[in-house]
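Trainee:
Chains as they are written, first to last, in our numbering: chain A, 726 to 943; chain B, 13 to 546; chain C, 218 to 647.
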C-alpha cells in the first residue's frame with residue numbers, strides 16, 4: 726500500500742489526495758454543534774449518546790433533554806417507538822443503560838420494565854454496564870479481518886493493558902470487538918465513541934490513544 | 013364465493029372454513045403436527061419451526077400454524093420432505109439440551125421427548141460443549157430451568173397477551189436468548205402465572221409446589237371442576253397414592269379456555285387432609301359409638317319417624333354437589349318440609365383474566381352456591397362464611413347439617429334439637445351434640461355436578477378413594493328420603509341421583525347427564541347478568 | 218477531486234459528488250439542479266411516477282433485487298390509513314459500505330428520493346432508519362433534513378403541492394437483523410428487531426400496522442435521477458434485466474479498495490484488475506465473495522467468468538446481493554474467514570427460529586474446532602448437512618446466510634479444510 730498516499734477518510738491523520746480537513750470529512754464543518762434539545766424534531770432521534778464524560782447518577786429527561794424527549798414523541802404514531810431513542814438518551818447521560826434507567830424509561834413510555842429489558846438487551850449498542858471514557862470498537866469482521874483487524878484489536882488491548890470488555894485502570898478505555906461497521910473499504914475500521922477511525926493499522930494505535938487522551942470532548 | 017375450502021392433507025380430502033390454518037385443518041384428519049410455539053389461546057409467532065409441512069408447489073416447507081388453507085392445496089405432513097425438515101429442527105433442539113430427563117418433572121409428558129421419540133434422529137451429532145443457563149427462581153410458584161427451554165415464548169406471550177402483565181421477556185438474542193423477568197422483579201403478585209408452567213411444552217418452567225413430587229407416568233388424571241370459586245374452571249385432578257398432587261386446567265372454551273387462576277390451582281391440600289370422620293357415629297346415652305351404616309341408618313329412621321315432622325332446619329354447603337343438595341332437599345321434604353340455608357366465603361373483588369375476560373376468580377369462593385340457590389337454599393352469614401345460624405343453633409325441631417364444618421359454632425349447637433343429623437367430613441365442637449354423624453365424601457371422592465355462576469351445570473368425577481366408610485351425601489340422604497317415602501326411591505349412581513333429585517327441580521328440568529357431558533350444559537333459568545355475579 | 222479513488226471506467230451518477238463537502242449544503246445542491254426532480258414528480262400523478270420507475274427497471278439495491286416500481290405498485294390506494302415509506306439505512310452486511318457514503322456525501326439526494334417515493338406511494342411520513350453506529354453520518358443527514366424543512370422541501374404543503382410529507386431520521390442501536398425489512402419495522406416500533414412472518418407483507422401490514430414500503434438508500438438515491446431523465450435514460454447502462462448503474466463496494470486484498478459506480482453487467486475480473494488496481498502485493502487471487510458475506514464464495518476461475526449483474530452472479534453459483542465484492546488473495550486462511558463469518562451470523566441471529574438460533578452457534582463451534590486442528594473429516598459432512606437443515610426453514614434468510622459461506626467453502630476449498638484436519642496446516646496469514 727506504500728504507493729497509495731491516501732490514508733484516513735475518517736480521521737484527518739493523513740488525507741492524502743483527499744485534501745480535506747478532518748472536519749470536512751466527518752461533516753462537522755457542516756453540522757456544527759447540535760443543541761442538546763436536538764434542534765428540529767426530524768432529527769431528535771439521532772443525537773449523540775457516546776460522550777467521554779458520563780454520570781451514572783445524572784438525572785434523566787430534564788431540561789433540554791426533556792425537550793428532546795418530547796420532540797421524539799411527536800415523530801411516531803405511538804409511544805413505544807420512542808423506546809430506542811429514549812434508551813439512547815439515558816445512555817448518553819449515564820454511559821450505560823442501568824436497570825434504574827430501564828425502569829424509568831418503561832414508566833415514561835407505559836411499557837413494562839421487563840419488556841424494556843428485553844428490547845435493551847437485543848441491541849448491542851446499549852452498554853449493560855459502565856464503560857471507559859472511550860469505548861473502542863474494533864471491527865474484526867471479514868473485510869477488516871483480511872487486512873489485519875485481529876492485530877489492530879490486539880494492539881488496542883495491549884496498548885490499553887486491558888482484556889476485551891474491561892476498562893483500563895485510568896478509566897479511559899474499554900476495548901471490544903465489533904461486527905462490520907460498514908467501513909470495509911477502509912480497513913481496519915474502528916469506532917471510538919461516536920466517531921469512526923479508518924485505515925487503522927497496529928502502528929497507529931498508540932497515536933490514536935494519545936490523540937484521544939489529549940482531547941477535551943467527543 | 014364459498015366460505016369453505018377443500019384441500020388434501022396426507023391423502024385425505026378435508027373441507028374447512030376459509031382462514032383455517034393447515035395445523036388446525038390437519039387435526040380434522042386426525043394428524044397432530046408437532047409444534048411448540050403455537051398455542052390456540054395465543055398469537056402464533058411461527059418461530060419454533062417444528063410445524064413445518066410440505067405444501068405441494070411451495071418452494072419452502074411451510075409453518076402450518078400460520079399458513080392458511082387454500083382451495084385445492086395438497087399438504088403432506090408425513091412425506092420424507094416434511095419429516096426430514098422436522099428431524100432437522102428437532103436435532104437443533106437437542107444440541108444444547110441437557111438431557112436431564114431422569115430428574116426433570118416434565119419427563120413423561122414432555123413434548124420434546126415425545127417428538128424426538130416419534131420423529132427425531134436416532135443419535136444426535138452434537139459434540140460441542142453445551143451452553144449453560146442454569147436455574148432461576150421466577151418467584152411465585154415458578155422455577156425456570158434455562159437449559160431445558162426451547163424458546164417457544166409461550167410463557168412470554170401468556171403474560172403479555174393473556175394475563176396482560178408483561179413480566180416476562182426474552183433477554184439477549186441469538187443463542188444467548190433466555191427467558192427472564194425484570195431482574196429480581198419476578199412474577200410475585202401476578203394471579204395467573206401457574207398457567208405458564210402448563211403452556212411450557214418442556215420442563216423449563218416447573219411448579220415449585222410440584223417439584224420432584226411425582227413422576228408424570230405415576231399420576232392418574234381425573235376430570236373435575238375447580239372448587240375454588242363459582243367460575244367452575246374445568247380441571248384435572250392429578251393423583252397418586254390416593255392424594256391430589258396438583259390441579260391442572262382442562263380446556264373448555266365456554267368456561268375457562270385453557271386457564272385457571274393460581275388461587276384455585278394451589279387450593280387443593282384440603283382434599284388430602286386427614287382427620288376425617290371414617291365411620292357413622294351414633295350418640296346413645298351421651299356416649300358416641302361408631303356403627304355400621306346399616307345400623308346407623310335404621311336407628312336414624314326410627315328416630316326420624318318418631319320426631320315431630322315439619323319445620324326442619326338444614327344447613328347445606330356450597331361445596332356440596334347438586335345431587336347432594338337435591339337429596340338433602342328430598343330428605344327435608346320427606347320430613348315434612350322446612351328451610352335450607354348455606355354459608356360460603358366471598359372475596360372482596362373479582363380478579364379478571366384480561367386476555368380471556370369471561371374468566372375470573374369470582375367473588376364467590378365456592379363452586380356451587382348457584383346450585384344451592386336453584387335447589388331452594390338461601391345464603392346466610394358473612395363473607396367469611398361464618399355466622400347466620402342462630403335460628404338453627406337454637407332450633408327445637410329437626411336439624412340437618414350437610415358439609416358445613418360449623419367451625420364458628422359452639423359445642424351447644426342444636427342442643428335443643430329433637431333430631432340433629434350431621435353429615436360431613438370432619439368433626440368439630442359444634443358437631444359433638446349430633447345424634448347422628450354421617451361421614452360423607454368430598455367432591456374429589458365422588459361423582460357429581462356443580463352449577464357455576466353462569467348457570468352451567470358441569471360434571472366432575474371421583475379422583476380419590478373415600479376414607480373409611482365415607483359415602484356420597486346423595487347416597488346417604490337419598491336412602492333416608494326413600495325410606496321416609498320419597499317418590500324416587502333409592503338410587504345407586506350419581507347419574508341416577510341427578511335424574512331422581514336434581515332434574516325434578518324446575519331450573520334443571522329436562523337436563524340429563526348426556527346433555528352435560530364433559531363440557532357442561534346451562535340450566536333453564538334466565539341467567540341474570542348482574543345479580544348473581546356479585 | 219478524487220474520492221478516495223476513482224476510475225475512468227466508472228459512470229458516476231449517484232456517486233458524482235462523493236468527496237465534495239459542498240454537496241451537503243442545500244444551496245449548492247439546488248444550484249446543481251437538486252430538488253428539480255421533486256418538483257417534477259409533484260407535478261405528476263403518483264401512478265405516473267411509479268410508471269417511470271417501473272420503466273427504468275431499477276431493482277432494489279438492498280440485496281434482493283426486487284424491481285422497485287413493482288414494489289411501489291403493491292401499495293394499496295385510497296385506504297384512508299397512514300402510509301409509510303421507510304428508507305433502509307441499516308447497512309450492516311459485511312463488505313458493504315456504500316449507503317454510509319451516499320448519506321454523508323449527498324444527503325439531499327437521498328432526501329429528495331425519499332420525498333419522491335413518498336409521493337409515489339401516498340406516504341405522509343418517511344422514516345430513514347440508520348444503523349446506530351452511523352452516528353456521524355446521521356448528523357449530516359439530520360442537518361441536511363433540517364435545511365430541507367427550512368426551505369419548504371419537506372413538511373407541510375411541500376413546494377406548494379398541497380402534500381404534507383414528513384421525514385424523520387431514526388437511529389438503530391446495533392443489530393444486523395434490523396436490515397431485514399420486517400425486523401427493521403419491529404425495531405422502528407420500539408420492539409426487539411425480530412423479522413416478522415410474511416404474509417402479511419409490508420404493503421398490507423407494515424410499520425405501525427399500516428401499509429408500508431421499504432427501500433434501500435441506494436435505491437432511493439437513484440430515484441431523482443430517474444425521474445429527471447426518464448426510464449430509458451437509466452436503461453442505457455446495464456442489461457435488459459439488470460439496468461442502470463450500481464455502486465460496487467470493493468474490499469479485501471486489492472490495491473485500491475473503495476466504492477465504484479459501474480454499469481451492471483461489468484466483468485468482475487476487470488473490476489478487480491483494472492478498476493481496483495489489481496491484487497495487493499501482486500498476489501494471486503484465491504476467492505471472491507461478490508455480494509456481501511451472505512452469498513456463496515466463488516473461486517478464481519469462477520471469478521473470471523462472473524459478470525456483475527443479478528443474472529451473471531447466479532450463473533456462477535452465487536448472488537449479486539448488495540454488490541459488496543470481498544476479494545481474497547492466496548494468503549487467505551479460508552477456514553478462519555468462514556469461521557469468522559459464521560460467528561458473525563451467530564452473534565446477529567435474532568434467536569427466534571430454532572434452526573438459526575441453535576444452528577448458527579453450533580456451526581460456529583464446529584468451525585472453531587476444525588480451525589483449531591481438532592476436526593475430523595466426518596465433521597465436514599456434518600457441517601454440510603447441518604447447514605442444509607438451516608436453509609429455507611426459518612422466517613428470514615439469515616439462517617441461509619450461514620449455509621452459503623460454509624457450504625461453498627467446503628465444496629471449493631475442501632483441501633484447506635483437509636490440510637487442517639489431517640496435518641494441522643493452516644493457509645496464509647489472514
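Just so you know, even glycine gets a beta-carbon here, dropped at the ideal spot from N, CA and C.
For residue 745/A, does the count of other Cβ atoms within 10 angstroms reach 16, so buried, or fall short, so exposed?
Mentor: Residue 745/A should be labelled buried.
Trainee: Beta carbons nearer than 7 Å to chain B: which residues of the stretch 838-849 of chain A have them?
Mentor: 838, 839, 840, 842, 843, 846 and 847
Trainee: In whole angstroms, what separates the C-alpha of residue 847/A from that of residue 562/C?
Mentor: 14 Å
Trainee: Between the stretch 184-198 of chain B and the stretch 842-856 of chain A, do at least 3 Cβ pairs fall closer than 8 Å?
Mentor: In short, these stretches touch, since the Cβ pair count reaches three.
Trainee: Which first and last residues belong to the beta strand (DSSP E) in which residue 430/C is found?
Mentor: 429-433
Trainee: With DSSP as the reference, please indicate the residues paired to residue 305/C in a beta bridge.
Mentor: 346/C and 433/C
Trainee: So which residues of chain B does residue 855/A contact, with C-beta pairs closer than 9 Å?
Mentor: Proximity of chain B to residue 855/A at the Cβ level (cut-off 9 Å) is not reached, the minimal Cβ distance being about 17 Å.
Trainee: Would you identify the three-state DSSP class for residue 562/C, choosing helix, strand or coil?
Mentor: helix
Trainee: Note the first and the last residue of the continuous beta strand (DSSP E) segment covering residue 299/B.
Mentor: 299-302
Trainee: Would you list the residues sitting across from residue 653/C in a DSSP beta bridge?
Mentor: Because chain C spans 218 through 647 in this model, residue 653/C falls outside it and cannot be assessed.
Trainee: Name the one or two DSSP bridge partners that residue 567/C has.
Mentor: According to DSSP, which records beta bridges pairwise, residue 567/C is partnered with nothing at all.
Trainee: Could you spell out the range, first to last residue, of the alpha helix (DSSP H) harbouring residue 790/A?
Mentor: 788-799
Trainee: Does the beta carbon of residue 544/B sit closer than 8 Å to a beta carbon anywhere in chain C?
Mentor: Here the model assigns residue 544/B a pLDDT of 47, short of 50, so the residue's position is not dependable, and the following value carries that caveat. Not an interface residue.
Trainee: Strictly below 7 Å CB to CB, what residues from chain B border residue 310/C?
Mentor: Simply none; closest approach about 17 Å.
Trainee: Return the bridge partner residues of residue 462/C from the DSSP annotation.
Mentor: 480/C
Trainee: Can you find a C-beta in chain A that's less than 8 Å from the C-beta of residue 83/B?
Mentor: For residue 83/B, the answer is no, since every Cβ of chain A falls outside 8 Å of its Cβ.
Trainee: With a threshold of 8 Å between beta-carbons, can residue 545/C be considered close to chain A, or not?
Mentor: yes
Trainee: Does DSSP put residue 387/B in a helix, in a strand, or in coil?
Mentor: coil
Trainee: Taking 8 Å as the CB-CB cut-off, is residue 402/C touching chain A?
Mentor: no
Trainee: Run through DSSP, which three-state label would residue 283/B get?
Mentor: helix
Trainee: CA-CA distance, residue 490/B and residue 428/B?
Mentor: 25 Å
Trainee: Pull up the CB-CB distance for residue 187/B and residue 568/C, whole angstroms please, since I reckon it's below 8 Å.
Mentor: 7 Å
Trainee: Per DSSP, which residues does residue 773/A bridge with? Please list them.
Mentor: In the DSSP output, where bridge partners are listed per residue, residue 773/A has none listed.
Trainee: Following the continuous alpha helix (DSSP H) through residue 316/C, name the residue where it begins and the one where it ends.
Mentor: Per DSSP, residue 316/C belongs to the alpha helix (DSSP H) from 316-322.
Trainee: Using the three-state DSSP reduction, which class does residue 25/B fall into: helix, strand or coil?
Mentor: strand
Trainee: Can you tell me which of 336/C, 390/C and 487/C puts its alpha carbon nearest to the alpha carbon of residue 225/C?
Mentor: 487/C
Trainee: Whose Cβ in chain C lies nearer than 9 Å to the Cβ of residue 920/A?
Mentor: Close partners of residue 920/A in chain C (Cβ separation under 9 Å): 352 and 353.
Trainee: Taking the alpha helix (DSSP H) that residue 34/B falls in, what are its first and last residues?
Mentor: Residues 34-40.
Trainee: Expressed to the nearest angstrom, what Euclidean distance is found between the alpha-carbon atoms of residue 202/C and residue 119/B?
Mentor: Since the first residue of chain C shown is 218 and the last is 647, residue 202/C is not available in this structure.
Trainee: How would you label residue 939/A, buried or exposed, when you count the other beta carbons within 10 angstroms and need 16 or more for buried?
Mentor: exposed
Trainee: Could you check which residue in 269/B, 209/B, 97/B and 474/B has the C-alpha nearest to that of residue 128/B?
Mentor: 97/B
Trainee: In whole angstroms, what separates the C-alpha of residue 532/B from that of residue 237/B?
Mentor: 10 Å
Trainee: Does DSSP put residue 327/B in a helix, a strand or coil?
Mentor: Residue 327/B falls in the strand class under three-state DSSP.
Trainee: Between which two residues does the beta strand (DSSP E) containing residue 289/B stretch?
Mentor: It is not in any beta strand (DSSP E) - residue 289/B carries neither H nor E in the DSSP assignment.
Trainee: Let me know the secondary structure DSSP gives residue 536/B once reduced to three states.
Mentor: Here residue 536/B sits in coil by DSSP.
Trainee: Using the Cβ count rule (16 or more neighbours within 10 Å means buried), how would you classify residue 307/B?
Mentor: exposed
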